[in-house]
Amino acid sequence: MTVPATRVRQLAPDLWLLDTIFQGAPGVIASFLLTGPSGLALVDVGSAVTLDTLLASIRATGHQPEEIEHILLTHIHLDHAGATGLLLRHTPHARVYVHHIGAPHLIHPEKLLESASRIYGEKMRTLWGEILPVPEERLIAIDEGAELRVGERTLTALYTPGHAIHHVAFHDAAHAAIFPGDVAGVRLEDIAYVRPPTPPPDLNLEDWSASIERLRALHPEILYLPHYGPAQGADQHFSELRERLFAWGEIVARGMREGKDDQRLSADLATASDPDVARQAAADGAERAEEAVRRYELATNYLMSAQGYVRYYRKVHPEALAN
Ligand SMILES: [Zn+2]
2 MTVPATRVRQ LAPDLWLLDT IFQGAPGVIA SFLLTGPSGL ALVDVGSAVT
52 LDTLLASIRA TGHQPEEIEH ILLTHIHLDH AGATGLLLRH TPHARVYVHH
102 IGAPHLIHPE KLLESASRIY GEKMRTLWGE ILPVPEERLI AIDEGAELRV
152 GERTLTALYT PGHAIHHVAF HDAAHAAIFP GDVAGVRLED IAYVRPPTPP
202 PDLNLEDWSA SIERLRALHP EILYLPHYGP AQGADQHFSE LRERLFAWGE
252 IVARGMREGK DDQRLSADLA TASDPDVARQ AAADGAERAE EAVRRYELAT
302 NYLMSAQGYV RYYRKVHPEA LAN
């Protein structure tokens with residue numbers, strides 16, 4: 002058996018960044034490993050397709066998957082929670098923590114898979130692999146304010162809807178750190194560009210904006226982004242995210258008034274955004290600009306984003322679509 006390549010980085014004595022190397026691309030989907038007396042913990046676990054990379058990454062830190070006691074999920078989308086069911090076979094002592102609205106969909110993933118299939122179509126299997134249900138007895142449904150002792154930290158769950166109705170961020174007050182999930186958007190390593198991941202079916206700009214302001218008010222010194230890695234300058238980061246979240250909404254609403262379909266709306270978002278991604282990547286000297294564009298698209302694609310806004314406007318703001 003060949004051991005998959007790993008890419009792990011120690012961020013603090015008790016904290017590791019594990020790259021799941023999604024679709025062979027580095028720095029797109031992360032898992033975080035916390036160690037310490039309250040038991041090993043993972044925050045988000047990535048796609049089921051990258052389970053072997055995740056397991057090899059845990060071993061690369063000097064630990065064993067069997068030691069994992071806590072699996073914390075910011076939300077149930079497949080790029081964060083897809084590997085959970087399979088992972089439990091390798092982590093006999095682990096329990097899964099997820100917001101109570103998301104919990105039933107881990108136990109019975111049919112609806113979740115149906116909703117993802119509408120976005121990903123025939124790419125479902127390649128991207129997300131085999132999704133196993135999470136046995137109910139291994140799952141702990143959490144709510145706003147839940148305090149979790151994991152590793153050597155205390156994390157508080159903050160209910161932060163907007164990206165998903167069941168989304169939580171994990172606040173580590175003692176370290177002025179937040180594991181914000183997708184509420185803090187997508188900002189790849191070494192590129193100062195924040196992109197809002199706006200999938201259907203729950204996208205809600207008002208809720209998301211309130212969640213952003215809530216996290217901002219905690220004055221975090223560091224955000225541990227699932228897409229991707231540690232990020233400083235939270236104030237500026239949140240401002241850029243919020244601004245783009247609404248600017249993209251304007252683009253999609255205008256396109257919808259003009260009768261454009263999802264594909265054309267998606268193209269409008271790309272036209273408005275990709276030149277900025279490329280320019281920022283070049284300015285930050287990170288890599289070839291087209292490679293940065295490709296990795297952002299892997300982390301959160303434009304078609305999914307367009308579909309998220311379309312559903313949001315039809316459901317929440319039909320008046321915005323009147324000509
Ligand atoms: Zn995500």
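FYI, this note's numbering numbers position 109 of the sequence shown as 110, with every residue one higher than the one before it. Note that beta-carbon positions come from the ideal geometry of N, C-alpha and C, so glycine has one too. Computed from a predicted model, the values in this text were never measured in an experiment.
At least 3 beta-carbon pairs within less than 8 angstroms: the segment 92–110 vs the segment 15–28: no
Check whether residue 213 and residue 167 have beta carbons under 8 angstroms apart: no
Contained beta strand (DSSP E) runs [length at least 3] in the segment 85–131, N- to C-terminal order: 96–100
From 72, 270 and 315, residue whose alpha carbon lies closest to that of residue 294: 270
Where residue 238 falls: helix, strand or coil (DSSP): helix
Span separating the alpha-carbon of residue 194 from that of residue 303: 15 angstroms
One or two residues paired with residue 17 in a DSSP bridge: 11 and 34
Distance between beta carbons of residue 143 and residue 158, contact taken as under 8 angstroms: 5 angstroms
Residues proximal to ligand 1 by C-beta, any heavy atom closer than 5 angstroms: 80 and 183
Three or more C-beta pairs below 8 angstroms linking the segment 119–132 and the segment 185–194: no
Burial state of residue 104, where buried means 16 or more other Cβ atoms lie within 10 Å: buried
Touch test, the segment 31–43 against the segment 68–86, Cβ-Cβ under 8 angstroms, three pairs minimum: yes
From 323, 291 and 11, residue whose alpha carbon lies closest to that of residue 34: 11
Alpha-carbon spacing of residue 90 relative to residue 84, whole angstroms: 11 angstroms
Environment of residue 4 [buried if 16+ CB atoms lie within 10 Å]: exposed
Rounded separation between residue 220 and residue 156 - CA only: 16 angstroms
Sub-8 angstroms separation of residue 226 and residue 181 beta-carbons: yes
Contact check, residue 211 vs residue 224, beta carbons under 8 angstroms: no
Contact belief for residue 48 with residue 80 at Cβ below 8 angstroms, rounded distance in angstroms: 6 angstroms
Cβ separation of residue 179 and residue 216, assumed to be a contact under 8 angstroms, to the nearest whole Å: 6 angstroms
Where the alpha helix (DSSP H) containing residue 309 begins and where it ends: 303–317
N-terminal and C-terminal residue of the alpha helix (DSSP H) that residue 60 is part of: 52–61
Burial state of residue 118 (16 or more Cβ within 10 Å): exposed
Whole-angstrom distance between residue 26 and residue 307, CA atom to CA atom: 23 angstroms
Cβ-based burial, residue 208 [other Cβ within 10 Å; buried from 16]: buried
N- and C-terminal bounds of the beta strand (DSSP E) containing residue 71: 69–73
Residues of its chain near residue 279, where Cβ-Cβ distance is below 8 angstroms and the 5 sequence neighbours each way are ignored: 290, 291, 293 and 294
Expected contact under 8 angstroms - CB spacing of residue 266 and residue 317 to nearest Å: Residue 266 to residue 317, Cβ: 17 angstroms. No contact.
Residue 194 - DSSP class collapsed to helix/strand/coil: coil
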